[in-house]
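Quick note: the sequence shown uses UniProt numbering, first residue 1, plus one each step. Here's the structure we're looking at; comments come further down.
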Amino acid sequence: MGRKAKLKHLRKQQQTNPTADTQNSREVEADPTHFVDELKHQGYDLKVSDRCPEIPEKIVKPQL
1 MGRKAKLKHL RKQQQTNPTA DTQNSREVEA DPTHFVDELK HQGYDLKVSD RCPEIPEKIV
61 KPQL
């Protein structure tokens, strides 16, 4: 199925069954900390974060 056909199919499905979107959004709203679990699964730790490198304050002018 092509991209436009998929979009057409999704639009038609939403028109025939408009409650499908609201059910999916309720599942996401039911667990507001789901993103934390996803980050932990990807290997990130929220308590230990990497600091960004220090940016030098000295402005270097280009030499011609």
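Just so you know, even glycine gets a beta-carbon here, dropped at the ideal spot from N, CA and C. This one's a predicted model, so the numbers in the text were calculated from it and none came from an experiment.
**Report entry** Helix, strand or coil at Asp31 [DSSP, three-state]
**Finding:** What you label residue 31 is simply residue 31 of the sequence shown in a count that begins at 1. Looking at Asp31 - three-state DSSP - the assignment turns out to be coil, as it is neither helix nor strand.
Report task. Go to Arg51, then tell me how far its alpha helix (DSSP H) extends in each direction, as first and last residue. Result -> If you number the sequence shown from 1, residue 51 lands on position 51. Segment: none, Arg51 is in no alpha helix (DSSP H) and carries neither H nor E.
Query - CA-to-CA distance, Pro32 to Thr16, given in whole angstroms - result: As a position in the sequence shown, residue 16 is number 16, starting the count at 1. As a position in the sequence shown, residue 32 is number 32, starting the count at 1. The alpha-carbon atoms of Thr16 and Pro32 are separated by roughly 29 angstroms.
Requested in this report: Work out the CA separation of Leu10 and Arg3 for me, nearest whole Å.
Outcome: Residue numbering aside, residue 3 sits at position 3 when the sequence shown is read from its first letter. Residue numbering aside, residue 10 sits at position 10 when the sequence shown is read from its first letter. Going from the Cα of Arg3 to the Cα of Leu10 covers about 11 angstroms.
Query - Bounding residues of the alpha helix (DSSP H) (the contiguous stretch that carries Leu10) - result: Here residue 10 corresponds to residue number 10 of the sequence shown, with the count starting at 1. Counting along the chain, the alpha helix (DSSP H) containing Leu10 begins and ends at Arg3 to Thr16.
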